[in-house]
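Take a look at the structure set out below.
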Amino acid sequence: MAETSGSRPGLDSPASISVQRIGRPAKGPLSGTRAARQLESGQVETAQRRGLRPRLAGLGSNRLVRQNLVLFAGGLVAGVGGFVYHAIAGRVLGPSLYGDVASLIALYAVFTAPALIMVVVLARYAASLVASGADSSIRYLVVRSSQVTILPTIVIVVAGFALAVPTAQFLHLHSPLPVIWLGFGIAALWQTGIPRGILQGIQNFTGLSANLSLEMIVRCAALSILLAAGLGVTGATISVMAGTAFAYGLGMYTLRAQLGKASVRAPLRSMIGFSLTAAAGTLGIMLLYNLDVILAKHYLSPHDGGIYGSLNKIGTILYFLTLSVSQVLYPRVVEALMRNNHPGRLVAYSAGIVGVLGAGALLVFGVVPGLVVRLLFGPSFIDAETYIFLVGVIGLALSLNNLLVQFFMAAHDRWFIPILWAGVVMLGVSVSLYHGGVGSIVTDVLGTMLALLAALTVRLLFLLPRLQPVVPE
């Protein structure tokens, strides 16, 4: 994967492809190498080193690979923790009560969209500050973001109390109390989005990795204690709040070096325009893997709703397994464009990494589907076995869709938005019209994901030749 030729610097060199002007190639055959030496002082190996072994040896010094490995480790722990959380809840509560948990977590995920939008916006702005040498403004960015989000945080807590009963009625929950606790959990995550966005933007992937993984460890530990205490579905939502509150404290502690510096005011007006793009992209992706669960809970029987909820969680294994790839890609694309370099190879290599990881998971799903169901949810969910491979394909398509959306947002492209939201509408309409059973909804989601992936790929092929470097604001 890593390029070792002296005339073709690898992904570790931000200057791997020059984008000075569309239609104007870089001057001289070694201009990319010169730029790489200036930007990262990386060593360029001689062209004589050929073959697979030298290339594999070069992966260890490739910045993109190193960053992916660090964040992949944390994402893997977080992903496993997420499924341990659902496995514990499913085994202890059974399909009917677990259906409550699955639909509540899907609702939680939808309403955490503001936090993820904040992560995207802050990561992009922090990355541009670092690339332009203005990292002294990071503290101001954290403080100002915290001030802006205080009022919405209070509002969501109040909304949790006000809407608890109608929400419980729509989702056929056994009690409205978990909805109230869910409001507190959403509020905590909205605040957690601030340190996570900054950590991603400054490319502190070690700190971000620890934050993501420890949140899920705390959540699972709290879940075990609360279920043992007999709190049931309410305990499951309280544990969500406990994990996010811990992650917020840890994130702020990780940023202590930046917070300890003198604050330099930075113009934040440019963040407002990009926030709309980030909101459209982030909310669209979130709806793609949560809307179906909410609709399935509404249309299907309690048992089938729980079965579909388990399938959704198994399918998103691939999404969370590969999420670190898009998290690394996003600030790298911003950095590349800020430094007048083309990010085409970054997205190509990232898609390759997602494909390799996804193929491994699909192999397991195809060979031992029953074992996957029994290990994660137990024998009472064995009805899900038939659909395991198909939901794996759904998860891989979702991962690639998310990767492309992250690339489009980093490049500040807006044409992907109508494509993405057409996919969301297609998903909602198809499930609303064709929900005869678990298999019908699986087919609806699979068709939507593949159609969306094809459309976004076409948009990517049109965009890449036209990319211009970002002009610092």
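Numbering follows this note's numbering, in which position 394 of the sequence shown is assigned residue number 433; successive positions increment by one, without gaps. Each residue gets a CB set at the ideal place from its N, CA and C atoms; glycine is no exception. From a predicted model like this one, the values you see are computed outputs, not experimental measurements.
For this session: Could you pull the start and end residues of the alpha helix (DSSP H) that residue 217 belongs to?
Result: 216-240
For this session: Please report how far the alpha carbon of residue 387 lies from the alpha carbon of residue 498, in whole angstroms.
Result: 14 Å
Problem set entry | Residue closest to residue 505, alpha-carbon to alpha-carbon, out of 469, 451, 471, 278 | 451
Problem set entry | Residue interval of the alpha helix (DSSP H) (run including residue 243) | Looking at the DSSP string, residue 243 is not in any alpha helix (DSSP H), and its letter there is neither H nor E.
Problem set entry | residue 349, enclosing alpha helix (DSSP H) - first and last residue | 341-360
Exercise. Using the rule of at least 16 other Cβ atoms within 10 Å of the residue's Cβ for burial, across every protein chain shown, is residue 166 buried or exposed?
Worked result: buried
Exercise. Smallest Cα separation from residue 280: which of 267, 291, 363, 256?
Worked result: 256
For this session: Could you say which of 219, 178, 477 lies nearest to residue 273 if we only look at CA atoms?
Result: 219
Exercise. Cβ atoms of residue 440 and residue 462: under 9 Å apart, would you say?
Worked result: yes
For this session: Compare the C-alpha of residue 491 against each of 478, 459, 291, 483 and name the closest.
Result: 459
Exercise. Quick one: what's got a C-beta closer than 8 Å to residue 223's C-beta in the same chain, skipping five residues either side?
Worked result: 196, 199, 280
Problem set entry | Reduced DSSP secondary structure (H/G/I, E/B, other) of residue 380 | strand
Exercise. By a C-beta neighbour count over all protein chains shown, 10 Å radius and 16 as the cutoff for buried, is residue 495 buried or exposed?
Worked result: buried
For this session: Give a yes or no on whether 9 Å exceeds the smallest Cβ distance from residue 145 to chain B.
Result: Here there is only one protein chain, and chain B is not present.
Problem set entry | Alpha carbon of residue 269 to alpha carbon of residue 391, nearest angstrom | 46 Å
Exercise. Is it buried or exposed for residue 300, if we count other Cβ within 10 angstroms and need 16 for buried?
Worked result: exposed
For this session: Determine the direct distance from the alpha carbon of residue 408 to that of residue 271, and round the result to whole angstroms.
Result: 28 Å
Exercise. Does DSSP classify residue 367 as helix, strand or coil?
Worked result: helix
For this session: Answer with buried or exposed for residue 177, where buried requires no fewer than 16 other C-beta atoms within 10 angstroms of its C-beta.
Result: buried
For this session: Could you check the C-alpha separation between residue 342 and residue 412 for me, to the nearest Å?
Result: 15 Å
Exercise. Can you tell me where the alpha helix (DSSP H) with residue 197 in it begins and where it stops?
Worked result: 177-201
Exercise. Can the beta-carbon of residue 484 be found less than 9 Å from the beta-carbon of residue 433?
Worked result: yes
Problem set entry | Distance, residue 275 Cα to residue 210 Cα | 16 Å
Problem set entry | Every unbroken alpha helix (DSSP H) inside the segment 92-173 [4 residues or more] | 102-150, 152-170
Problem set entry | First and last residue of the uninterrupted alpha helix (DSSP H) at residue 411 | 408-415
For this session: Would you identify the three-state DSSP class for residue 499, choosing helix, strand or coil?
Result: helix
For this session: Just mark residue 478 as buried or exposed, buried being the case when its beta carbon has 16 or more other beta carbons within 10 Å.
Result: exposed
Problem set entry | Minimum C-alpha distance to residue 183 - residue among 230, 206, 207, 116 | 230
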